[in-house]
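Start counting the sequence shown at -6; every next residue gets the next number (the working numbering).
Glycine included, every Cβ here is placed at the ideal spot set by N, Cα and C.
Everything numeric in this text was worked out from a predicted model, so none of it was measured.
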Amino acid sequence: AFQCPHEGDNYRCFTTAKKMNAGWMWRILDREVKRKATFNDISQYPAVYKDITLITNIDDSLSTVIKEMNNNGYKYMKSIRIKDIFISKDKLQLNNRNVTLEICLQSMDRTLNDEDINKSIQSITTDIKKLYKLNIQEA
């Protein structure tokens, strides 16, 4: 039996299966991927998008921060993504960059009011400052 050397990496296993023209292996991998698919309910209430700009070192990896924030379980945060990266020529020698994160807030049971939004953003910015030691650019 074929043992895929890329355990846990479905894309590489699919590619390997195609190159080897192993139809039986392709069917097994296809069935395995479909079994892991999950679906979430869609809210009927509007989403709110807020931007937060971080001042970080060019060497700082934000992928870990974003992954941990997604797993942190903020009450209304639906998603977070990098929206923009800006490196000023004037501050290039300081090795700094500005990274704007777009945060999507949404409730499954009601429209969010300003107080809900502000509390959520305040909680997120406090964690960014305390847990990740990153500076936030004030507007």
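Taking C-beta to C-beta, are residue i and residue j nearer than 8 Å?
i: Lys76; j: Leu55; result: no
i: Gln115; j: Tyr69; result: no
i: Ser113; j: Tyr42; result: no
i: Ile96; j: Ile117; result: yes
State the start and end residues of the unbroken beta strand (DSSP E) segment that holds residue i.
i: Lys43; result: 41 to 50
Mind checking who residue i pairs with in its DSSP beta bridge?
i: Val92; result: Leu47, Ile78
i: Ser72; result: Cys97
i: Ile129; result: Leu47
Out of the options, state which residue places its alpha-carbon closest to the alpha-carbon of residue i.
i: Asp34; options: Val58, Asp53, Lys71; result: Lys71
i: Arg74; options: Ile121, Glu108, Asp44; result: Asp44
i: Asp149; options: Thr31, Phe32, Ser36; result: This structure leaves residue 149 out entirely; the chain is present only between -6 and 132.
i: Leu124; options: Glu108, Glu61, Phe32, Ser81; result: Glu61
i: Tyr38; options: Asn106, Ile80, Asp83; result: Asn106
i: Ala40; options: Glu108, Asn111, Thr104, Asp109; result: Thr104
Please return the same chain residues whose Cβ sits closer than 8 Å to the Cβ of residue i, not counting the five positions on each side in sequence.
i: Gln130; result: Thr46, Leu47, Ile48, Asn91
i: Leu127; result: Leu47, Ile48, Thr49, Asp53, Val58, Ile121
i: Thr119; result: none
i: Asn111; result: none
In its own chain, which residues sit with a C-beta less than 6 Å from the C-beta of residue i, not counting the 5 before and 5 after it?
i: Ile51; result: Asn88, Arg90
i: Ile80; result: Arg90
Can you name the start and end residues of the alpha helix (DSSP H) that residue i belongs to?
i: Ser116; result: 107 to 124
i: Leu140; result: The chain is shown from -6 up to 132; residue 140 falls before or after that span and cannot be answered.
Among residues of its own chain, excluding the 5 on either side of residue i, which ones have a beta-carbon nearer than 7 Å to its beta-carbon?
i: Asp109; result: Tyr69
i: Asn64; result: none
i: Tyr4; result: With a pLDDT of only 48 at Tyr4, under the threshold of 50, the placement of this residue in the model should not be trusted; the figure read from the coordinates follows. None.
Taking only beta-carbon positions, decide if residue i is within less than 8 Å of chain D.
i: Asn65; result: Absent from the structure is chain D; it holds one protein chain and no more.
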